[in-house]
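Beneath this line is the structure, given in structure tokens, with notes to follow.
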Amino acid sequence: MPDRNLTGQDAAKEDILLEVKHLKKYFPVRTGFIRKTDLKAVDDVSFSIRRGETLGIVGESGCGKTTLGRTVLRLTEPTDGDIIYEGQSIIGKDMKEYRRKMQIVFQDPYASLDPRKTVSDIIGEAIDITKSASGKEERREKILQLMQLVGLNPEFYNRFPHEFSGGQRQRIGIARALAIDPGFIVCDEPVSALDVSIQAQIVNMLEELQETRKLTYLFIAHDLAVVKHISTRIGVMYLGHMVELTYSAQLYRHPLHPYTQMLLSAIPIANPDISAVRKRIRLEGELPSPLNPPSGCPFRTRCPRCTSQCCEDTPSLREVEPGHFVACHNCG
Ligand SMILES: Nc1ncnc2c1ncn2[C@@H]1O[C@H](COP(=O)(O)OP(=O)(O)O)[C@@H](O)[C@H]1O
Ligand SMILES: [Mg+2]
């Protein structure tokens, strides 16, 4: 049976590695002396990822990208919704088995590595989880192989994280994730903290690793320019909601949601001729607080196309052309 399930194409069920259905993550936050309010960091998000693809996720800081990535891995428990990995719901399951299949590369390579451990300790501990090395020598060999795989000099075997640059630290983080030999990796803004000159190297390496190790990525970025190249498809988030989801090329060629159009118009273009003629759409107004989101459509307070319906009904993602989903009453 073909299955559309927000994969963007008729995909056989076995082609889908991960399916996220109506995922919600609410944080109870104290807003007064006694009063508590739910901060809706992720609010009813659904998507599927096919084996071998990269789903890019973009949106402004605070829109819920990290929470989405962490909740998908159950590093934080979802408030509601379902997460299906290889055809099985992982909700309520012992995550031990899944920790070997699903990994994360963190945004901050400085904070995510234990400063008291050497590179070989950090990678070695990950190898120990899978018990894939039978002796000390094999373990050492595996650590060296992984270091080489991510472009780290084997001579750095006994060095500590503070002895490395940001880019090198992120390579350590990637080696640690790969040590478990996962099928799926959440890359949470893996290059945002790095110098622009280093970013492409790391992104290219992640792409090569995807090919050779048959990986599937959820690749988070706050910048559309970074995800364009690496992503098969891209989902755009706003205030905890997924507002548009389609193929990478389609998103750039034919963005439908007014928010996506605004994000795209903010990307600098190298060619000044194109820059001059391209209409820049200003993102008006402030990002509302997720503690007090607008009624109806989350984007309506900043949207040039807002109508009375937008104040009342929250638009859900609908497919407006094959594989192109948008949550808007007035577009598509
Ligand atoms: N542990 C937490 N407790 C309360 N609020 C949180 C927590 N983690 C994240 N948030 C809030 O959830 C929203 C989404 O945060 P996050 O997922 O980090 O966004 P992004 O990664 O897109 O910048 C923000 O408003 C943030 O303040
Ligand atoms: Mg984040």
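Position 35 of the sequence shown, counted from 1, bears residue number 37 in our numbering, the numbering being contiguous throughout.
Just so you know, even glycine gets a beta-carbon here, dropped at the ideal spot from N, CA and C.
For residue 55, report the span of its alpha helix (DSSP H) as first-last.
From DSSP, residue 55 is part of no alpha helix (DSSP H); its letter is neither H nor E.
Could you say if the segment 70-80 and the segment 16-30 meet the contact criterion of at least three C-beta pairs nearer than 8 Å?
Cβ pair count under 8 Å is three or more, so yes.
Complete beta strand (DSSP E) runs within the segment 50-121 (minimum length 3 residues, chain order):
For secondary structure counted as the beta strand (DSSP E) over 3 or more consecutive residues, the segment 50-121 holds these complete runs in sequence order: 56-60, 82-87 and 104-107.
Buried or exposed: which applies to residue 91, given that a residue is buried once 16 or more other Cβ atoms fall within 10 Å of its Cβ?
Residue 91 should be labelled exposed.
Quick one, which of 173, 322 and 210 has its alpha-carbon nearest residue 193's?
Residue 173 is the option with its Cα nearest to residue 193.
Same chain, Cβ closer than 7 Å to residue 141, neighbours up to 5 away in sequence not counted:
Within the same chain, Cβ atoms closer than 7 Å to the Cβ of residue 141 are found at 126, 129 and 135, the five residues on either side in sequence being excluded.
Can you look up residue 143 in the DSSP assignment and give me helix, strand or coil?
Residue state, collapsed to three classes: helix.
What are the start and end residues of each continuous beta strand (DSSP E) run of 3 or more residues lying completely inside the segment 174-210, in chain order?
For the segment 174-210, whole beta strand (DSSP E) runs of length 3 or above, ordered along the chain, are 186-190.
Supposed contact pair residue 187 and residue 205 - C-beta distance, whole angstroms, cut 8 Å
Between residue 205 and residue 187 the beta-carbon gap is near 13 Å, outside 8 Å, which marks them as no contact.
Helix, strand or coil: how does DSSP classify residue 315 here?
Residue state, collapsed to three classes: coil.
By Cβ distance below 6 Å, which residues in the same chain neighbour residue 32 in space, the five residues on each side in sequence not counted?
Here residue 32 has 38 as same chain residues with Cβ atoms under 6 Å from its own Cβ, once five neighbours each way along the sequence are excluded.
Which one or two residues does DSSP pair with residue 239 in a beta bridge?
Beta-bridge pairing links residue 239 to 244.
If you run the structure through DSSP and keep just helix, strand and coil, what is residue 30?
In the three-state reduction of the DSSP assignment, residue 30 falls in the strand class, which pools E and B.
Count the other C-beta atoms from every protein chain shown that fall within 10 angstroms of the C-beta of residue 279, then say buried if there are 16 or more, exposed otherwise.
Confidence is the limiting factor: at residue 279 the pLDDT is only 48, short of 50, which leaves the residue's position unreliable, though a coordinate-based value still follows. Exposed, since its Cβ has fewer than 16 Cβ neighbours within 10 Å.
Top-ranked residue by Cα proximity to residue 227, from 314, 201 and 247:
Shortest Cα-Cα distance from residue 227 to any of 314, 201 and 247 involves 201.
Between which two residues does the beta strand (DSSP E) carrying residue 223 extend?
For residue 223, the enclosing beta strand (DSSP E) has its first and last residue at 218-223.
Less than 8 Å separating the Cβ of residue 190 from some heavy atom of ligand 2?
Within the cutoff, so yes.
Pairwise C-alpha distance: residue 138 and residue 324:
Roughly 53 Å separates the two Cα atoms.
Is the beta carbon of residue 163 less than 9 Å from the beta carbon of residue 208?
No Cβ-Cβ contact shorter than 9 Å links residue 163 with residue 208.
Just to confirm, does residue 63 get its C-beta within under 8 Å of one of the non-hydrogen atoms of ligand 1?
The answer is yes for residue 63.
Between residue 176 and the rest of its own chain, which residues show a CB-CB distance below 6 Å, the 5 nearest in sequence each way excluded?
Apart from the 5 residues on each side of it in sequence, residue 176 sits with its Cβ closer than 6 Å to the Cβ of 107 and 152 in its chain, given in chain order.
Between the Cα of residue 78 and those of 296, 94 and 89, spot the shortest distance and give me the residue it belongs to.
Ranking 296, 94 and 89 by Cα distance to residue 78 puts 94 first.
Minimum C-alpha distance to residue 195 - residue among 259, 117, 222 and 48:
Among 259, 117, 222 and 48, the Cα nearest to that of residue 195 belongs to 222.
Give me, in chain order, the residues of the same chain whose beta-carbon lies closer than 6 Å to that of residue 308; leave out the 5 immediate sequence neighbours on both sides.
The beta carbon of residue 308 sits closer than 6 Å to the beta carbons of 302 from its chain, once the five residues preceding and following it are set aside; these are given in chain order.
For residue 161, name the three-state secondary structure that DSSP assigns.
For residue 161, the three-state secondary structure derived from DSSP is coil.
May I have the straight-line CA-CA distance separating residue 210 from residue 238, to the nearest angstrom?
About 25 Å.
How is residue 214 classed by DSSP in three states: helix, strand or coil?
Residue 214: helix per DSSP, three-state reduction.
In three-state terms, what does DSSP make of residue 167?
Residue 167 falls in the coil class under three-state DSSP.
Between residue 235 and residue 247, is the Cβ-Cβ spacing less than 9 Å?
Contact: yes.
Should residue 76 be flagged as near chain C, meaning a C-beta pair shorter than 9 Å?
Going by chain labels, chain C is absent from the structure shown, which holds only one protein chain.
Just the Cα atoms here: how many angstroms apart are residue 261 and residue 333?
Approximately 11 Å, taken between the alpha carbons.
Got a sec, what are the start and stop residues for the beta strand (DSSP E) residue 259 sits in?
It is not in any beta strand (DSSP E) - residue 259 carries neither H nor E in the DSSP assignment.
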